[in-house]
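Shown next, in structure tokens, is the structure this report addresses.
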Amino acid sequence: MIHTMSLMHDDLPFMDNDDLRRGKPTNHKVFGEDVAVLAGDALLAYAFEHMAVATKGVPSERIVRVIGELAKCIGSEGLVAGQVVDICSEGNADVGLDHLEFIHIHKTAALLEGSVVLGAILGGANDQEVEKLRKFARCIGLLFQVVDDILDVTKSSQELGKTAGKDLLADKTTYPKLIGIDKSREFAAKLNREAQEQLAEFDPEKAAPLIALANYIAYRDH
Amino acid sequence: MVFSTVLTSSPQLYFPKTTSPIIQRAIRTCSASFSTTPQRISNSQFDLRTYWTTLIQEINHKLDEAIPVQYPQQIYEAMRHSVLAKGVKRAPPVMCVAACELFGGHRLAAFPTACALEMVHAASLIHDDLPCMDDDPSRRGQPSNHTIFGVDMAILAGDALFPLGFRHIVSHTPTDLVPETRLLKVIAEIARAVGSTGMAAGQFLDLEGGPNAVDFVQEKKYGEMGECSAVCGALLAGASDEEIQRLRRYGRAVGVLYQVVDDMLEAKLDKDINGDNKKNKGKSYVAAYGVEKATELAEDLRAQAKKELDGLEKYGEKVVPLYSFVDYAADRGFSVGDQAE
Chain A
1 MIHTMSLMHD
11 DLPFMDNDDL
21 RRGKPTNHKV
31 FGEDVAVLAG
41 DALLAYAFEH
51 MAVATKGVPS
61 ERIVRVIGEL
71 AKCIGSEGLV
81 AGQVVDICSE
91 GNADVGLDHL
101 EFIHIHKTAA
111 LLEGSVVLGA
121 ILGGANDQEV
131 EKLRKFARCI
141 GLLFQVVDDI
151 LDVTKSSQEL
161 GKTAGKDLLA
171 DKTTYPKLIG
181 IDKSREFAAK
191 LNREAQEQLA
201 EFDPEKAAPL
211 IALANYIAYR
221 DH
Chain B
1 MVFSTVLTSS
11 PQLYFPKTTS
21 PIIQRAIRTC
31 SASFSTTPQR
41 ISNSQFDLRT
51 YWTTLIQEIN
61 HKLDEAIPVQ
71 YPQQIYEAMR
81 HSVLAKGVKR
91 APPVMCVAAC
101 ELFGGHRLAA
111 FPTACALEMV
121 HAASLIHDDL
131 PCMDDDPSRR
141 GQPSNHTIFG
151 VDMAILAGDA
161 LFPLGFRHIV
171 SHTPTDLVPE
181 TRLLKVIAEI
191 ARAVGSTGMA
201 AGQFLDLEGG
211 PNAVDFVQEK
221 KYGEMGECSA
231 VCGALLAGAS
241 DEEIQRLRRY
251 GRAVGVLYQV
261 VDDMLEAKLD
271 KDINGDNKKN
281 KGKSYVAAYG
291 VEKATELAED
301 LRAQAKKELD
311 GLEKYGEKVV
321 PLYSFVDYAA
331 DRGFSVGDQA
341 E
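Sequences listed follow chains A and B, in order.
Each residue of the first sequence is one higher than the one before, starting from 1 at the first, in full-length UniProt numbering.
Each residue of the second sequence is one higher than the one before, starting from 1 at the first, in full-length UniProt numbering.
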């Protein structure tokens with residue numbers, strides 16, 4: 001729900017102004033800007049309501065903790081921070097790697113981090129284990145965006161399901177632009193390795209889905 | 001029936017076919033005897049103004065601390081612009097604190113939730129003012145958020161303030177005062193109030209609904225916040241289910257009452273300035289029913305709100321702030337904050 005609402009708001013005319021998302025017209029194109037804003041707000045609220053009300057078999061302290069954690073990930077210290085810096089960087093030729101990493105760690109990785117950490121807390125992880133998973137998520141979050149940047153340059157709109165070539169058109173700073181396609185691919189491989197290192201001490205069978213996720217993100221073609 | 005409305009229906013929208021419950025109840029209590037004045041300290045001796053302004057100062061201070069400017073500055077400045085606006089009455093936090101104290105809770109337990117209510121309230125107002133929504137260039141006598149910071153920053157400021165409210169409750173509510181199970185109920189209550197069955201619904205119908213949707217819109221937009229604030233206070237203090245339902249009805253009545261009187265004051269101002277009631281921004285009770293009926297409705301809501309508190313005599317003078325609040329909403333005997341909202 002949170003992911004969807006952030007995409008809905010992101011696609012709005014005054015934000016990224018996207019007509020296409022997940023292979024379909026964007027929400028505001030179909031329902032109007034006003035409804036897209038409100039529907040996003042409603043989804044955001046409902047996500048928290050749902051967590052508070054529908055989580056069963058978990059002590060209240062943990063549910064409260066994950067609510068706080070999720071709120072932190074999607075707000076002005078997480079997702080929104082990334083979006084703000086992204087907006088303020090557009091058209092700016094001086095955006096360096098650090099800056100780009102800030103954007104991606106907050107804009108893309110924050111929600112992944114939140115998801116993984118929430119799961120860990122709900123599953124009863126200790127603090128050390130939570131931090132390992134947090135690091136795992138940050139790696140694959142950044143990895144996701146690096147691959148996204150590469151795909152934007154190399155694939156068509158139809159294959160991607162969203163508008164391709166946008167980054168170049170918008171003069172956005174991307175990894176391929178900063179360090180070239182080859183180095184971007186290298187960086188992606190490094191991130192994938194680092195991510196999986198965090199899972200080394202866990203039961204391989206139980207860690208398998210997360211490992212598979214990391215590989216999927218690294219090798220996806222859309 | 002005086003207040004019945006025939007609500008237009010469209011293929012995509014559902015409108016309740018009858019008048020909203022709160023107005024039906026208000027009509028029924030119209031001819032009932034007025035609620036008795038409590039034996040304890042009478043309202044005239046209670047200094048609501050001082051109580052309120054003291055709380056405003058506390059809340060403002062805590063909100064200021066809760067949203068420090070850090071990197072990236074723009075978003076924090078945008079958030080602070082709306083949350084720390086001058087002259088804000090802080091009615092939701094005050095109701096929350098008063099409701100909490102009514103049931104024996106400590107205001108320290110209520111402050112984080114009170115702040116959160118203001119944050120989500122500010123978030124919904126920022127989005128309401130956007131060009132694609134109400135398109136308001138000003139709010140509370142100041143330029144609205146998007147006119148200063150841009151539409152994109154305003155959208156994000158709202159998107160940041162909603163979760164900040166929840167986070168603030170979690171990080172700042174002392175768990176020795178409020179067990180986590182109750183905290184979850186508070187969070188669920190606020191989430192419900194701002195969501196698709198609450199304020200978002202009201203705003204949607206305000207924009208897309210026909211002219212006859214005024215009752216539903218007002219209840220959803222204003223009644224909801226009042227209801228939520230009062231209920232959260234009660235939840236924090238560990239009130240019983242029955243007591244919470246009373247506060248729910250109380251809060252809803254006061255919220256709507258407040259708006260009805262606002263509409264009346266605005267209509268009067270219009271008439272004084274322009275000589276007629278031609279201005280009808282969005283949905284107004286006066287525009288829909290006329291001044292006389294709106295006045296009647298206000299009195300009915302006043303009686304109804306007080307009636308809900310009458311069942312709480314065992315709490316003695318602790319009920320007085322909420323009692324006085326009703327009279328303030330109706331009479332506006334003094335001004336709170338520098339400017340009207």
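We treat Cβ as the ideally placed atom computed from N, Cα and C, and that holds for glycine.
query                                                                                                                                                                                                                           : result
Would you call the CB atoms of residue 256 of chain B and residue 194 of chain B closer than 9 Å?                                                                                                                               : no
For residue 273 of chain B, does the count of other Cβ atoms within 10 angstroms reach 16, so buried, or fall short, so exposed?                                                                                                : exposed
Looking at residue 319 of chain B: is its Cβ nearer than 9 Å to the Cβ of residue 102 of chain B?                                                                                                                               : yes
Does DSSP classify residue 135 of chain A as helix, strand or coil?                                                                                                                                                             : helix
Return helix, strand or coil for residue 72 of chain B, following the three-state DSSP convention.                                                                                                                              : coil
May I ask you to verify whether the stretch 181-191 of chain A touches the stretch 103-118 of chain A, counting CB pairs closer than 8 Å and requiring at least 3?                                                              : no
What is the rounded straight-line gap between the Cα of residue 102 of chain A and the Cα of residue 261 of chain B?                                                                                                            : 49 Å
Does chain B have any CB closer than 9 Å to the CB of residue 134 of chain A?                                                                                                                                                   : no
Going straight from the alpha carbon of residue 47 of chain B to that of residue 54 of chain B, what length do you get?                                                                                                         : 11 Å
Pick helix, strand or coil for residue 268 of chain B, following the three-state DSSP scheme.                                                                                                                                   : helix
Suppose you measure from the CA of residue 144 of chain A to the CA of residue 93 of chain B; what does that come to, to the nearest Å?                                                                                         : 42 Å
Go through its chain and collect everything with a Cβ distance to residue 159 of chain B's Cβ below 8 Å, but skip five positions before and after it.                                                                           : 123
Report the option in B:331, B:203 and B:231 whose CA atom is closest to the CA atom of residue 216 of chain B.                                                                                                                  : B:203
What are the residues of the stretch 189-222 of chain B that lie near chain A, defined by any Cβ-Cβ distance shorter than 7 Å?                                                                                                  : 191, 192, 194, 195, 196, 200, 203, 204 and 207
Report the residues of the stretch 168-181 of chain B with a CB closer than 7 Å to any CB of chain A, ordered along the chain.                                                                                                  : 170, 171, 180 and 181
Within this structure, are the beta carbons of residue 56 of chain A and residue 82 of chain A separated by less than 9 Å?                                                                                                      : no
Is the beta carbon of residue 115 of chain B sitting closer than 9 Å to the one on residue 233 of chain B?                                                                                                                      : no
Assign residue 324 of chain B to buried or exposed, taking buried as 16 or more other Cβ atoms, counted over all protein chains shown, within 10 Å of its Cβ.                                                                   : buried
Please go through the same chain and pick out, in chain order, the residues whose beta-carbon is closer than 7 Å to the beta-carbon of residue 7 of chain A, but skip the five residues on each side of it.                     : 21
Runs of 4 residues minimum, wholly inside the stretch 180-220 of chain A: which ones carry the alpha helix (DSSP H) assignment?                                                                                                 : 204-219
Taking a cut of 8 Å between CB atoms, which residues from the stretch 72-104 of chain B lie near chain A?                                                                                                                       : 72, 74, 75, 76 and 79
Output needed for residue 18 of chain B: all residues of its chain with C-beta closer than 6 Å, excluding positions within five of it in sequence on either side, in chain order.                                               : Only weak support exists for where residue 18 of chain B lies, its pLDDT of 42 falling under 50; the coordinates are left without a value.
Under a CB-based cut-off of 9 Å, is residue 40 of chain A close to chain B?                                                                                                                                                     : yes
When the Cα of residue 199 of chain A is compared with those of A:129, A:148 and A:92, which residue comes out closest?                                                                                                         : A:129
Beta-carbon within less than 8 Å of residue 25 of chain A's beta-carbon, same chain only, minus the 5 sequence neighbours each way: which residues are those?                                                                   : 19
Helix, strand or coil: how does DSSP classify residue 177 of chain A here?                                                                                                                                                      : helix
Kindly list, in the order they appear in chain B, the residues whose Cβ is closer than 9 Å to that of residue 109 of chain A.                                                                                                   : Ordered by position in chain B, no residue passes the 9 Å Cβ test against residue 109 of chain A, which lies about 17 Å from the chain.
If we ignore side chains and look at the alpha-carbon of each, how far apart do residue 322 of chain B and residue 300 of chain B end up?                                                                                       : 17 Å
Under 9 Å between C-beta atoms, does residue 59 of chain A make it to chain B?                                                                                                                                                  : yes
Name the chain A residues whose beta carbon is nearer than 9 Å to that of residue 151 of chain B?                                                                                                                               : 12, 13, 14 and 15
What number of angstroms, rounded off, separates the C-alpha of residue 13 of chain B from the C-alpha of residue 205 of chain B?                                                                                               : With a pLDDT of only 40 at residue 13 of chain B, under the threshold of 50, the placement of this residue in the model should not be trusted; the figure read from the coordinates follows. Going from the Cα of residue 13 of chain B to the Cα of residue 205 of chain B covers about 9 Å.
Under a Cβ-count criterion, where at least 16 other Cβ atoms within 10 Å of its own Cβ denotes burial, should residue 172 of chain A be classed as buried or exposed?                                                           : buried
Using 8 Å as the cut-off, can you tell me whether the stretch 288-299 of chain B makes contact with the stretch 263-270 of chain B, which would need three or more C-beta pairs spanning the two stretches below that distance? : yes
Assign residue 177 of chain B to one of three DSSP states: helix, strand, or coil.                                                                                                                                              : coil
Would you kindly work out how many angstroms separate the C-alpha atoms of residue 212 of chain B and residue 285 of chain B, rounded to a whole number?                                                                        : 10 Å
Measuring only the C-alpha atoms, how far is residue 225 of chain B from residue 251 of chain B?                                                                                                                                : 8 Å
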